[in-house]
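Novice: Before I ask anything, let me first share the structure, which is written out below as C-alpha cells.
Below is the structure:
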C-alpha cells in the first residue's frame with residue numbers, strides 16, 4: 001500500500017474541498033476550503049468527477065444480465081481486457097454494496113488516458129455506468145467552550161429550532177442514527193448513546209490507523225501537514241468532526257454536565273469514512289448501504305440498522321450514478337438520508353451528495369435566522385437549520401462534544417463549530433424524534449412533514465433556503481399518532497411485468513372525494529421482481545400527469561415493497577389513477593401484485 005506524500009497529493013487531487021477561507025477575528029472559527037478550475041470538455045462519465053487531476057479509481061456499474069454484475073472473477077477478467085485494449089493498468093479491487101465494481105487505475109494516468117479507460121467501459125454494452133471514485137471532505141469548521149444555556153440553536157425564540165417543546169412528546173428512543181463521518185472519539189457526555197458501528201476506510205493512507213476496514217470506528221485524528229493534502233493547503237489539526245456531529249444529535253441530557261442532544265433518547269452508530277485528506281465515494285457508498293441494513297461483501301451484517309443517516313460531508317460535481325444508487329437503496333429500505341448542503345456559498349446543485357435525489361439537503365442559518373454567509377443555497381435545498389456563524393462572536397457557533405487533542409486523542413472537551421455540517425445533525429435529530437413518535441413514517445413522509453411544518457426564516461436568505469427554518473415541536477406534533485386514518489383505494493389484480501418490455505399500467509378508480517389530492521398522498525406498492533434495479537415506477541394522475549416514484553438503478557436486491565409519498569395537491573382527487581411499471585433491462589422478470597392509494 002502506497003503511503004508516500006505523492007499518494008497523498010493524488011488523494012487530495014480528486015477531492016472537492018468546501019468553501020473559501022473565511023477571514024475572522026482570532027476568537028472566531030474559520031471555514032477552510034479549496035477550489036480548482038473545472039477542466040475542459042471530457043467524456044460524460046468524467047464530468048461527474050471533482051475538478052482537478054484524474055481519478056485513480058473508477059466505480060463501474062454493470063447491467064443486471066451481465067456476468068460481471070454478479071461474479072468478481074468476471075469483473076476482474078473484464079478489467080484485464082480493458083487494460084489490454086488501452087495499454088493502461090486497471091485492477092479490479094472489490095464489489096461495493098450496490099453491486100458495482102471498484103477498479104484501480106495506474107499511478108501515472110493523465111486525464112486523456114483516464115478518458116480512454118472510461119471510453120472503453122462506456123462502449124461496453126454490459127456496462128450501465130462508469131464514474132470516478134471521488135474524495136469527499138467534512139463540511140465543518142473549528143473549536144472553543146461549554147453548557148446547555150449556550151445552545152441557542154435549540155431554544156432561542158429568534159432562530160432556535162424549538163426543540164425543548166418536542167421533548168414533551170419524544171426524545172428519540174428506539175431509533176438509531178448512523179453518523180457517516182470521521183468516526184468517534186470517546187466522550188463521557190455521549191458514550192451512553194453509542195452503539196456498534198464500522199470503519200469503512202479501505203485505504204491506509206487515508207485511515208491512518210494502521211489498517212483497513214474493521215469493526216472499530218474510533219477516530220484516531222485526521223490532522224495533516226502543510227501541502228500534504230494538496231499544494232498550498234496549510235497544516236490542520238484533527239477535527240474530531242464526527243464526534244461534534246454526534247453530540248448535536250444525541251449527547252446525554254439531564255445528566256448534570258455538558259450539552260443536550262436533540263434526540264438524546266436515540267442511539268448513535270458511528271460509521272467511519274473520512275480520514276486524512278477526506279474519504280472516497282466507494283467507502284461512503286458501502287457505508288450508506290451497510291448502515292441502512294444492506295449487504296456489503298466482506299463486512300458483517302449490521303446489528304444496529306439506522307433509520308436515519310447523517311452525512312455532514314460533500315464534494316463538488318453532479319451526484320454520481322453510483323452514489324445515487326446507494327442512497328436510493330437506503331431510502332427503499334426505509335432509512336432517511338440527511339445531507340449537508342455545503343459551505344461554498346454557491347448553488348447546492350454543484351455539491352454532491354446534497355444534490356442527489358431522495359436526500360434531505362440542509363442549509364445553515366446564523367443566530368439571527370438568516371442564511372449563514374458560507375452556506376450553499378438553491379432550489380435543491382430542502383430545509384434550513386442552525387449551523388452557526390462565528391465571524392463576530394464565537395458564541396454564534398454550535399456547541400457540541402469534542403476532544404482537545406491537536407493530532408491524536410487527548411482529553412474530552414466541548415467546542416463551537418460552524419458549518420452546514422452543524423446544521424445537518426439538527427435535522428437528523430429531528431428525523432429521529434419523528435420516527436420515534438411514529439414508527440410507521442416513511443423517509444418521504446419525514447421529509448414532507450419537516451418541510452410542511454417549517455417556519456419562515458426570521459432573517460434573510462438569497463438564492464433559496466428550502467421550506468424555511470425547521471421547527472421540531474410543530475413537526476413532531478404533526479406526525480404524532482401513527483399511521484394514516486384516511487381513505488384507502490386498492491387494486492389487488494396481479495399484472496405481469498414483462499422482461500425489458502413495454503410499461504404496464506394498473507388502474508384504481510377513486511370516487512367520493514372532494515377537492516384535490518393531499519400533499520402527502522401515500523402510494524403503497526407491492527412488486528415481486530428478481531432485480532428491482534431494472535424497474536421504473538410512475539404514478540399517473542387522472543389528467544395524465546406523471547410522478548416518478550422510482551428510477552432504474554444498479555440495485556440487485558429483490559422486490560419493491562414500500563410506500564411512497566407524493567405531493568399531488570395540484571391534482572383532482574376523483575378519477576382513474578394508474579401505477580405504471582416498466583422493466584428496462586434484460587433477464588429479470590416480475591409481477592405487480594397490488595398497490596393502493598391512501599388519501
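Numbering (my numbering), first residue to last: 1 to 599.
Glycine included, C-beta positions come from ideal geometry on N, C-alpha and C.
Note that the coordinates shown come from a computational prediction; the quantities given were computed from them, not determined experimentally.
Let me know the secondary structure DSSP gives residue 434 once reduced to three states.
Specialist: Numbered from 1 along the chain shown, position 434 holds the residue referred to as residue 434. Residue 434 falls in the helix class under three-state DSSP.
Novice: Say the cut is 6 Å; is the CB of residue 126 nearer than that to a heavy atom of the ligand SAM?
Specialist: Among the components modelled here there is no ligand, and therefore nothing to report on the ligand SAM.
Novice: Please confirm if the stretch 405-412 is in contact with the stretch 183-202, defined as three or more CB-CB distances below 8 Å between the two stretches.
Specialist: yes
Novice: Beta carbon of residue 387, beta carbon of residue 372: below 7 Å?
Specialist: For the purposes of this step, residue 387 is identified with residue 387 of the chain shown, where counting begins at 1. For the purposes of this step, residue 372 is identified with residue 372 of the chain shown, where counting begins at 1. It is a contact, given that the beta carbons lie within the stated cut-off.
Novice: Using the beta-carbon count (16 or more within 10 Å), is residue 63 buried or exposed?
Specialist: On the chain shown, position 63 is the one that residue 63 refers to. By the neighbour-count rule (16 or more Cβ atoms within 10 Å), residue 63 is buried.
Novice: Roughly how many angstroms separate the alpha carbons of residue 490 and residue 338, rounded to a whole number?
Specialist: Working through the chain shown from its first residue, we reach residue 490 at position 490. Working through the chain shown from its first residue, we reach residue 338 at position 338. Near 32 Å, if we compare the C-alpha coordinates of residue 338 and residue 490.
Novice: Let me make sure I understand the geometry here. Which of 367, 297 and 57 has the alpha-carbon closest to that of residue 392?
Specialist: For the purposes of this step, residue 392 is taken as residue 392 along the chain shown, with counting starting at 1. If we check each option's Cα against that of residue 392, 367 comes out closest.
Novice: From the DSSP output, in three-state form, read off residue 182 for me.
Specialist: To locate residue 182, count along the chain shown from 1; it is residue 182. DSSP places residue 182 in coil when its eight states are reduced to three.
Novice: With burial defined as no fewer than 16 other Cβ atoms inside 10 Å of the residue's Cβ, what is the status of residue 588: buried or exposed?
Specialist: For the purposes of this step, residue 588 is identified with residue 588 of the chain shown, where counting begins at 1. So residue 588 ends up on the buried side.
Novice: Would you grab the beta carbon distance between residue 216 and residue 203 for me? Rounded to a whole angstrom, and I think it's under 8 Å.
Specialist: Within the chain shown, the letter at position 216 stands for residue 216. Within the chain shown, the letter at position 203 stands for residue 203. Residue 216 to residue 203, Cβ: 16 Å. No contact.
Novice: Could you check where the beta strand (DSSP E) with residue 477 kicks off and where it finishes?
Specialist: Position 477 of the chain shown, counted from the start, is the residue given in the question as residue 477. Boundaries for residue 477: no beta strand (DSSP E) harbours it, while the alpha helix (DSSP H) harbouring it runs 472-479, taken from the DSSP string.
Novice: Using a C-beta cutoff of 7 Å, does residue 260 count as contacting chain D?
Specialist: Judged by its chain identifiers, the structure shown contains no chain D, having just a single protein chain.
Novice: Looking at the structure shown, is residue 504 part of a helix, part of a strand, or coil, going by DSSP?
Specialist: Taking the first residue of the chain shown as position 1, residue 504 is located at position 504. Here residue 504 sits in strand by DSSP.
Novice: Taking 8 Å as the threshold, find out whether the stretch 269-279 comes into contact with the stretch 87-100 through three or more Cβ pairs.
Specialist: Contact fails: fewer than three Cβ-Cβ distances are below 8 Å.
Novice: DSSP has residue 103 in a bridge; who is on the other side?
Specialist: If you number the chain shown from 1, residue 103 lands on position 103. Paired residues: 58 and 92.
Novice: What is the DSSP secondary structure of residue 567, counted as helix, strand or coil?
Specialist: Along the chain shown, read from residue 1 onward, the residue named residue 567 stands at position 567. When DSSP states are grouped into helix, strand and coil, residue 567 belongs to the coil group.
Novice: Could you name the residues of the same chain whose beta carbon sits closer than 6 Å to that of residue 74, not counting the 5 residues immediately before and after it, in chain order?
Specialist: As a position in the chain shown, residue 74 is number 74, starting the count at 1. Answer for residue 74: 67 and 68, listed in chain order.
Novice: Check for me: the alpha helix (DSSP H) holding residue 489 runs from which residue to which?
Specialist: Here residue 489 refers to the residue found at position 489 when the chain shown is read from its first residue. Per DSSP, residue 489 belongs to no alpha helix (DSSP H); it is in the beta strand (DSSP E), 488-491.
Novice: Terminal residues of the continuous alpha helix (DSSP H) containing residue 529?
Specialist: As a first step, residue 529 is located in the chain shown; it is residue number 529 there, counting from the start. Counting along the chain, residue 529 falls outside any alpha helix (DSSP H), though it belongs to the beta strand (DSSP E) covering 521-529.
Novice: Any idea which residues DSSP pairs residue 412 with across the strands?
Specialist: The residue you call residue 412 lines up with position 412 of the chain shown. Bridge partners of residue 412: 403.
Novice: Kindly confirm or deny that the stretch 155-171 and the stretch 219-227 touch, where touching means at least three C-beta pairs closer than 8 Å.
Specialist: Using a Cβ-Cβ distance cut-off of 8 Å, the stretch 155-171 and the stretch 219-227 are not in contact, since fewer than three pairs of beta carbons, one from each stretch, lie closer than that value.
Novice: Just checking my contact of residue 590 with residue 527 at CB under 8 Å: how many whole Å lie between their CB atoms?
Specialist: As a position in the chain shown, residue 590 is number 590, starting the count at 1. As a position in the chain shown, residue 527 is number 527, starting the count at 1. Sure, about 6 Å apart at Cβ, within 8 Å.
Novice: Between residue 128 and residue 381, what straight-line distance do the alpha-carbon atoms span, to the nearest angstrom?
Specialist: Position 128 of the chain shown, counted from the start, is the residue given in the question as residue 128. Position 381 of the chain shown, counted from the start, is the residue given in the question as residue 381. The straight-line gap from Cα to Cα measures roughly 29 Å.
Novice: Please look up how many angstroms separate the CB atoms of residue 181 and residue 312, rounded, as I've assumed it's under 8 Å.
Specialist: The sequence position of residue 181 within the chain shown is 181, counting from 1. The sequence position of residue 312 within the chain shown is 312, counting from 1. Confirmed, Cβ separation roughly 6 Å.
Novice: Return helix, strand or coil for residue 483, following the three-state DSSP convention.
Specialist: By 1-based counting over the chain shown, the position of residue 483 is 483. Low confidence applies here, because residue 483 scores a pLDDT of 39, under 50, leaving its location unreliable and the question unanswered by this model.
Novice: Among the candidates 500, 569 and 511, whose CA atom is the shortest distance from the CA of residue 585?
Specialist: Translated into the one-based positions of the chain shown, residue 585 becomes position 585. Of the candidates 500, 569 and 511, the one whose C-alpha sits nearest the C-alpha of residue 585 is 500.
Novice: Compute the beta-carbon to beta-carbon distance between residue 556 and residue 531, rounded to the nearest angstrom, for a pair I have assumed lies under 8 Å.
Specialist: What you label residue 556 is simply residue 556 of the chain shown in a count that begins at 1. What you label residue 531 is simply residue 531 of the chain shown in a count that begins at 1. In this structure residue 556 is in contact with residue 531, their Cβ atoms being roughly 6 Å apart against a cut-off of 8 Å.
Novice: I'd like the span of the alpha helix (DSSP H) that includes residue 206, first residue to last.
Specialist: In the chain shown, counting from the first residue as 1, residue 206 sits at position 206. Residue 206 -> alpha helix (DSSP H) spans 204-207.
Novice: Tell me which residues share the same chain as residue 581 and place their Cβ nearer than 7 Å to its Cβ, disregarding the 5 neighbours each side in the sequence.
Specialist: Here residue 581 refers to the residue found at position 581 of the chain shown. Here the set comprises 497, 503, 504, 527, 535, 537 and 592.
Novice: For the stretch 335-353 against the stretch 567-576, do three or more pairs of beta-carbon atoms, one drawn from each stretch, fall closer than 8 Å, so that the two count as touching?
Specialist: Contact fails: fewer than three Cβ-Cβ distances are below 8 Å.
Novice: Among 84, 57, 120 and 545, which has the Cα closest to the Cα of residue 101?
Specialist: As a working mapping, residue 101 is identified with position 101 in the chain shown. Nearest of 84, 57, 120 and 545 to residue 101, Cα basis: 57.
Novice: When DSSP labels each residue in this structure, what does residue 113 get in the three-state scheme?
Specialist: Here residue 113 corresponds to residue number 113 of the chain shown, with the count starting at 1. In the structure shown, residue 113 sits in a helix (DSSP, three-state: H, G or I).
Novice: Taking the straight line between their C-alpha atoms, what separation do you get for residue 248 and residue 539?
Specialist: Residue 248 sits at position 248 when you count from the first residue of the chain shown. Residue 539 sits at position 539 when you count from the first residue of the chain shown. So the two alpha carbons sit approximately 38 Å from each other.
Novice: For the alpha helix (DSSP H) holding residue 331, just list the boundary residues, first then last.
Specialist: Counted from its first residue, the chain shown places residue 331 at position 331. From DSSP, the alpha helix (DSSP H) with residue 331 extends over 321-332.
Novice: Quick one: what's got a C-beta closer than 7 Å to residue 583's C-beta in the same chain, skipping five residues either side?
Specialist: In the chain shown, the residue the question calls residue 583 occupies position 583. Result list for residue 583: 497, 498, 499, 500, 501, 534, 535 and 590, in chain order.
Novice: For the putative contact between residue 423 and residue 364, defined by C-beta atoms under 8 Å, what is the C-beta separation to the nearest angstrom?
Specialist: The residue you call residue 423 lines up with position 423 of the chain shown. The residue you call residue 364 lines up with position 364 of the chain shown. Indeed, because the Cβ distance is near 4 Å, the residues count as touching under 8 Å.
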